[in-house]
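Using this note's numbering, the letters of the sequence shown correspond one by one to residues 1 to 259. For every residue, glycine included, the Cβ atom is placed at its ideal position computed from N, Cα and C. This one's a predicted model, so the numbers in the text were calculated from it and none came from an experiment.
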Amino acid sequence: MGAMQRESRKVSRRRFLKEATGAVGAASALTILKPRWVRGAEKEFGVVVLLGPPGAGKSEQSRRLTARHSIPIISTGDLLRDQVRRGTQLGLQADTYMKAGQLVPDSLMNPILEDRLSQPDCARGFILDGYPRTLAQAESLDALLKRKGLPPHIILLEVPTERLFKLLTGRRICPRCNRSYNIYFQPPQKENLCDADGTTLVQRPDDKEEVIRRRLDTYQRETQPAIEYYARQGRLVRVNGDQPPEKVAGEIESKLASQ
Ligand code: ADP
């Protein structure tokens, strides 16, 4: 990435903060209202938005980021699955879409997300995994983060489609601790058992082959416009997701540090 691109992203993040705070001079906004995570020694990253196709490793990278920077992971897939598990009205409605590999409508998704982001542990920032998934969601998120005065880092994990397919069909999850494995690329030490707690691994219903094709199509159709929206504004940070997880994490960290 060139120095100019980096500089232009810094400028767009500064502009975002300025608009968010309503301050006239950028300098005063930055000195007076700059949140602690931008300020100095104890550097935090605020909001990190992880974008990428299903199976690109967003959850794995979220876990690494949360361990390193102590901000919570907000996974919209997990928030929805939690509603389904608890059998709430929203969960029952969302379940139909999720089982079909379709996006849950914003009228269900956005209130669940807003509610979660208003909790105290999100005040210093958070990692967003699985949101935004559409252009409309990207715009809602910008409005929401402007209200909170938290300019996001937008990271896109890029992985070729043919590899994604194997990544998704091979994915197995621990239903207890949510850790994920892959029978082709990242198998557990003992077949089909979680390394951390020995629980039998499961395949998510939406990781079945025909559902996967639909999810990848949905990504192309719905999420690509959100990615282009960020790219047009010079806010998109591209990371090669087709390398070992620790390498991906390293690339994310160095790009975040240079923003
Ligand atoms: P993956 O990252 O593997 O695609 P997720 O766990 O993020 O899976 O999401 C599972 C399902 O939850 C999606 O297929 C979709 O139905 C629903 N979902 C998750 N996030 C969103 C969102 N931002 N908007 C609408 N639906 C969502």
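Item	Value
Alpha-carbon spacing of V237 relative to K58, whole angstroms	14 Å
P205 beta carbon near the ligand ADP (any heavy atom closer than 6 Å)	no
Supposed contact pair I183 and D129 - C-beta distance, whole angstroms, cut 8 Å	Wrong, their Cβ atoms sit about 22 Å apart, outside the cutoff.
Beta-carbon proximity of A226 to L135, cut-off 7 Å	yes
Classification of Q220 by the beta-carbon crowding that lies within 10 angstroms, buried from 16 upward	exposed
Alpha-carbon to alpha-carbon, I212 and D95	16 Å
Nearest residue (CA-CA) to G55, options Q259, C174, T161	T161
Segments of 4+ residues assigned as alpha helix (DSSP H) that fall wholly inside the region 138-206	161-169
With 16 other Cβ atoms within 10 Å as the buried cut-off, status of G40	Its pLDDT being 39, under 50, G40 is placed unreliably by the model, and the measurement read from it follows with that caveat. Classification for G40: exposed.
Burial state of S75 (16 or more Cβ within 10 Å)	buried
Reference F165, options Q83, D207, K255, R116, closest by Cα	D207
Cut-off 6 Å between Cβ atoms - residues of its own chain near E251, not counting five sequence neighbours on either side	V239
Of the residues Q233, E228, T218, Q259, the one placed nearest A100, counting alpha carbons only	T218
Beta-carbon gap between V47 and G149 smaller than 7 Å	no
Q137 burial status per 10 Å Cβ neighbour count (16 or more: buried)	buried
Limits of the alpha helix (DSSP H) - the one that L236 falls within	Counting along the chain, L236 falls outside any alpha helix (DSSP H), though it belongs to the beta strand (DSSP E) covering 236-240.
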